[in-house]
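If you use our numbering, the sequence shown corresponds to residues 171 to 510, in order.
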Amino acid sequence: MAKAHSFDGEIDKARLTLGNAIKGMDAANATLGRHAREEARFDTINFPVEEATVRETVELLDRWKSMALSLVKELDLLTAAADLQHRRLFDEKAGIDTSGLLGRSLSHGHVKPSAIAADLDALLSASAALDMQFKTAKPALVRSFRDCEAHLVRVIERRQRFDSDIEDVQSRIDVLTSKIADRRGSLASTRAVDIRADLEAEHQALLAEQDDFREKERALQPVRASLQRLIDIYAELVDILNARIAAVNAMAGKLTIDIEQRIALLKAVASEADPPLPVIERPVAVKTLIAAFETNILAGQDLAARKTRADDIFIRRLEPHLLASPTSNKETPEVADPDA
């Protein structure tokens, strides 16, 4: 079984990755917010830098999600091992015939209740640290998603105004093109000098006006193109942020139920131990989890059914490929790429 220190490295790496991802989200949002202002200019935008910032942020979010997913699954697997060890205190054959990883890897002998309790304390300590990351990640993701979406809406509205202006200019150019063709036809069929002079003057005026509108169109197109490129860059970020919020909800929901399971199992081991387990000083984070469990009158009720629902949401959201495998064993979850 795992000891507390065995999770420290993984959790620290995940925490650092999440912190960097949040910094990236904040930087991307600040930049997009500047572009969304009415007075913003687009001729000095460094698109490669902005694309790289968004791409790096997305990669950090994906990396953190993968780390968190692996931790949730690893903690669940080790909890199942502790539960099996607890059952073996009363039925030494429990799990021996299981074809999965737990049945093969656990020894057939008894594990002392004190050792099971120590393992559960280690799992709860890791759970508390991971739970704190989810509580940090969710508000950061929600805030970033809402801000980014709001900024993006303003950029889209501005691009739509440019679309309208360009369409208006192009319509005027089309009208002038028709008038210019008409004047040219009249010039070709008119022999009177004074009439030709007037028609020529009108023709030149129409050409000049057409050139003015074409120049306006040329001035509008680069800004419109810049706005569209910004939309393409940040619309992807908005979609990814929304998906990551859903992923955090699923992981946090499962972890919450799994924490209940660990505390309930710890209490069962402690109540059944003979002689009684020695009193130990637990980390504040673990004591907080246990206190919340003890003050919640619904804690532990329908735990198996609620865990099944949470696991189902977790799999459907993060590992849908497992749903296609009817032979998949819940006790031996396969650590896979969540984006596969």
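Where is the CB? At the ideal position from N, CA and C, for every residue including glycine. Predicted, not measured: the structure shown is a model, and the values here were computed from it.
Inter-residue Cα distance where the pair is residue i and residue j
i, j, result
"residue 208", "residue 371", "41 Å"
"residue 446", "residue 427", "27 Å"
"residue 347", "residue 335", "18 Å"
"residue 189", "residue 258", "42 Å"
"residue 181", "residue 461", "23 Å"
"residue 356", "residue 329", "40 Å"
"residue 400", "residue 417", "26 Å"
"residue 361", "residue 380", "26 Å"
"residue 404", "residue 378", "40 Å"
"residue 298", "residue 459", "7 Å"
"residue 423", "residue 305", "11 Å"
"residue 218", "residue 201", "13 Å"
"residue 206", "residue 196", "15 Å"
"residue 215", "residue 359", "53 Å"
"residue 237", "residue 244", "10 Å"
"residue 469", "residue 250", "19 Å"
"residue 383", "residue 391", "12 Å"
"residue 337", "residue 415", "39 Å"
"residue 496", "residue 408", "Residue confidence for residue 496 is low, a pLDDT of 46 falling below 50, so the modelled location carries little weight; the figure read from the coordinates is stated next. Each residue's alpha carbon lies about 34 Å from the other."
"residue 441", "residue 308", "36 Å"
"residue 406", "residue 226", "13 Å"
"residue 331", "residue 344", "20 Å"
"residue 425", "residue 491", "21 Å"
"residue 477", "residue 224", "36 Å"
Residue burial classification, residue i (beta-carbon count within 10 angstroms, cutoff 16)
i, result
"residue 365", "exposed"
"residue 471", "exposed"
"residue 394", "buried"
"residue 303", "buried"
"residue 388", "exposed"
"residue 187", "buried"
"residue 323", "exposed"
"residue 450", "exposed"
"residue 222", "exposed"
"residue 467", "exposed"
"residue 280", "exposed"
"residue 464", "exposed"
"residue 213", "exposed"
"residue 489", "buried"
"residue 184", "buried"
"residue 260", "exposed"
"residue 179", "exposed"
"residue 363", "exposed"
"residue 503", "Low confidence applies to residue 503: its pLDDT is 38, below 50, so where it sits in the model is not reliable enough to give any reading."
"residue 367", "exposed"
"residue 480", "buried"
Nearest to residue i (by Cα), restricted to the options the options
i, options, result
"residue 352", "337, 339, 376 and 292", "376"
"residue 284", "222, 342 and 256", "256"
"residue 292", "234, 443 and 436", "436"
"residue 242", "288, 230, 294 and 281", "294"
"residue 350", "374, 235, 481 and 340", "374"
"residue 457", "483, 433, 473 and 235", "433"
"residue 448", "288, 229 and 225", "288"
"residue 455", "310, 230, 248 and 301", "301"
"residue 326", "345, 478, 402 and 290", "402"
"residue 290", "368, 247, 363 and 309", "247"
"residue 483", "420, 220, 491 and 228", "420"
Chain-order list of residues whose beta-carbon lies under 8 Å from that of residue i (same chain, five-residue window excluded)
i, result
"residue 413", "none"
"residue 333", "394"
"residue 473", "427, 430, 431 and 434"
"residue 321", "199, 202, 203, 205, 206 and 404"
"residue 398", "329"
"residue 443", "283, 284 and 287"
"residue 453", "295 and 298"
"residue 210", "204"
Own chain partners of residue i with C-beta closer than 6 Å, once the 5 adjacent residues on each side are dropped
i, result
"residue 177", "296"
"residue 354", "none"
"residue 317", "199"
"residue 339", "383, 386 and 387"
Cutoff 7 Å; reference residue i; Cβ partners in own chain excluding five residues on either side
i, result
"residue 286", "252, 255, 256 and 439"
"residue 234", "184, 187, 188 and 191"
"residue 411", "311, 314, 315 and 318"
"residue 230", "187, 190, 191 and 194"
"residue 396", "212 and 215"
"residue 220", "201 and 403"
"residue 342", "383"
Residue i CB to nearest heavy atom of the ligand SAM below 7 Å
i, result
"residue 236", "Looking for the ligand SAM in the displayed structure turns up nothing, as the structure carries no ligands at all."
Just to confirm the assignment: which complete alpha helix (DSSP H) runs, minimum length 4, are found wholly within the segment 315-383? DSSP runs (the alpha helix (DSSP H)) wholly in the segment 315-383: none.
Fully enclosed by the segment 414-499, which alpha helix (DSSP H) runs are 4 residues long or longer? Runs found: 454-465 and 473-488.
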